[in-house]
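**Student:**
In my numbering, the protein residues as written are 253 to 548.
(1) Is the Cβ-Cβ distance between residue 449 and residue 391 less than 7 Å?
(2) How many Å lie between residue 574 and residue 457 at the Cα?
(3) Between the Cα of residue 193 and those of 305, 284, 306, 279, spot the shortest distance and give me the residue it belongs to.
(4) Let's see if you can read the secondary structure: which residues bound the alpha helix (DSSP H) around residue 302?
(5) Near residue 346, which residues of its chain fall below 8 Å by C-beta distance, leaving aside the five closest residues on each side in sequence?
(6) With three or more beta-carbon pairs closer than 8 Å as the criterion, would you say the region 408-417 touches the region 316-332?
(7) Count the other CB atoms within 10 Å of the CB of residue 378; is the residue buried (16 or more) or exposed (fewer)?
(8) Assign residue 422 to buried or exposed, taking buried as 16 or more other Cβ atoms, counted over all protein chains shown, within 10 Å of its Cβ.
(9) Which of the three DSSP states, helix, strand or coil, is assigned to residue 482?
(10) In the DSSP assignment, find the unbroken alpha helix (DSSP H) run with residue 430 in it and report its ends.
(11) How close, in whole Å, do the beta carbons of residue 371 and residue 382 come, if the pair is a contact with beta carbons under 8 Å?
(12) If you reduce the DSSP assignment to three classes, tell me which class residue 257 lands in.
(13) Using beta-carbon positions only, say whether residue 410 and residue 462 come within less than 7 Å of one another.
(14) Pick from 385, 362, 431, 325: whose alpha carbon is nearest that of residue 299?
(15) Specify the secondary structure class of residue 454 as computed by DSSP and reduced to three states.
(16) Determine the contact status of residue 435 and residue 309, defining contact as a CB-CB distance below 7 Å.
(17) Cα separation between residue 459 and residue 469?
(18) Return the chain-ordered list of same chain residues with a C-beta closer than 7 Å to the C-beta of residue 364, the five sequence neighbours on each side being excluded.
(19) Quick one, which of 485, 311, 281 has its alpha-carbon nearest residue 366's?
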């Protein structure tokens with residue numbers, strides 16, 4: 253393609269804006285939900301480290317300013333997300349997570365500055381191998397970082413914990429950064445590989461979300477329906493010891509004896525509740541009553 257410095261910088265700026273804002277939805281999602289389940293801490297930590305290597309590469313090659321700024325912002329935001337993983341998922345205290353995050357930022361910043369000063373003399377002397385190593389190794393780290401995330405997807409059988417908006421913006425950042433290189437006087441293959449890897453591997457996660465997440469939603473719905481059916485079935489089964497009670501007619505008491513002039517003397521007492529003494533007294537009373545009737 254023809255060299256066009258304006259197009260190179262405009263596209264590079266768009267790519268940088270995407271990669272500046274890409275992790276904001278992820279950071280916001282983790283903060284709002286107060287959890288990072290499903291987001292691999294290795295992903296964001298390795299991406300943060302890769303930014304230092306890519307930063308060394310683009311600064312040494314003196315690429316356009318947006319592409320120089322991009323790795324710095326990328327590392328900064330990924331390390332913030334890593335700090336959230338430390339706090340929400342890995343059980344670190346808030347103070348410990350902040351100190352570890354800031355400490356890693358300072359370390360990687362110092363490492364990048366030191367590496368730029370270390371490789372510039374050899375690069376100016378015509379030896380490009382050291383600087384090429386930083387660019388290539390950055391691409392390798394970007395690819396390796398997604399492997400733990402793929403494992404998280406496999407483990408959960410869906411894409412959880414990741415902001416889909418984050419992945420979409422990240423993919424767009426790679427596309428625009430790639431296009432900016434196309435308008436450069438000499439296409440930078442190493443940077444192109446790094447950006448293309450981001451596009452391809454992010455795209456794989458988006459495709460997985462489109463396929464696996466609806467399946468997982470249907471699976472959860474079936475499980476909820478099965479659980480509801482099971483609970484309904486359990487509710488109509490009598491519990492142990494709750495045998496149905498059958499009422500039996502009360503047997504006629506011996507005291508239900510016809511006495512007097514066709515009158516019936518009744519007692520509500522159960523025969524088993526009448527003592528022997530009470531039965532004797534009842535019998536004596538009945539005998540006396542009969543004798544009185546005979547005398548009459």
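Just so you know, even glycine gets a beta-carbon here, dropped at the ideal spot from N, CA and C.
These numbers come from a predicted model, not from an experiment.
**Tutor:** Walking through what the data contain:
(1) The residue labelled residue 449 in the question sits at position 197 within the chain shown. The residue labelled residue 391 in the question sits at position 139 within the chain shown. For residue 449 and residue 391, yes; Cβs fall inside 7 Å.
(2) Any answer about residue 574 is impossible in this case: the structure gives the chain only from 253 up to 548.
(3) As displayed, the chain neither begins before 253 nor continues past 548, which places residue 193 out of reach and without an answer.
(4) By one-based count along the chain shown, residue 302 stands at place 50. Where residue 302 is concerned, the enclosing alpha helix (DSSP H) stretches over 293-313.
(5) Residue 346 sits at position 94 when you count from the first residue of the chain shown. 339.
(6) no
(7) If you number the chain shown from 1, residue 378 lands on position 126. By the 10 Å Cβ count, residue 378 comes out exposed.
(8) Counting from one through the chain shown, the residue named residue 422 turns up at place 170. By the neighbour-count rule (16 or more Cβ atoms within 10 Å), residue 422 is buried.
(9) Position 230 of the chain shown, counted from the first residue, corresponds to residue 482. Three-state DSSP puts residue 482 in a helix.
(10) What you label residue 430 is simply residue 178 of the chain shown in a count that begins at 1. Counting along the chain, the alpha helix (DSSP H) containing residue 430 begins and ends at 416-434.
(11) In the chain shown, counting from the first residue as 1, residue 371 sits at position 119. In the chain shown, counting from the first residue as 1, residue 382 sits at position 130. Right, the Cβ-Cβ distance comes to about 4 Å (below 8 Å), so this counts as a contact.
(12) Counting from one through the chain shown, the residue named residue 257 turns up at place 5. Of the three classes helix, strand and coil, the one that applies to residue 257 here is helix, per DSSP.
(13) Taking the chain shown and counting its residues from 1, the one referred to as residue 410 is at position 158. Taking the chain shown and counting its residues from 1, the one referred to as residue 462 is at position 210. No, the pair does not count as a contact, with Cβ atoms beyond the cut-off.
(14) Locating residue 299 in the chain shown gives position 47, counting from the first residue. When each option's Cα is compared against that of residue 299, the closest is 325.
(15) Residue numbering aside, residue 454 sits at position 202 when the chain shown is read from its first letter. Three-state DSSP puts residue 454 in a helix.
(16) If you number the chain shown from 1, residue 435 lands on position 183. If you number the chain shown from 1, residue 309 lands on position 57. Taking 7 Å as the Cβ cut-off, residue 435 and residue 309 do not qualify as a contacting pair.
(17) Working through the chain shown from its first residue, we reach residue 459 at position 207. Working through the chain shown from its first residue, we reach residue 469 at position 217. Taking the straight line from one Cα to the other gives about 16 Å.
(18) Taking the chain shown and counting its residues from 1, one reaches residue 364 at position 112. Correct list, in chain order: 304, 307, 308.
(19) Residue numbering aside, residue 366 sits at position 114 when the chain shown is read from its first letter. Residue 366 has its Cα closest to that of 311, out of 485, 311, 281.
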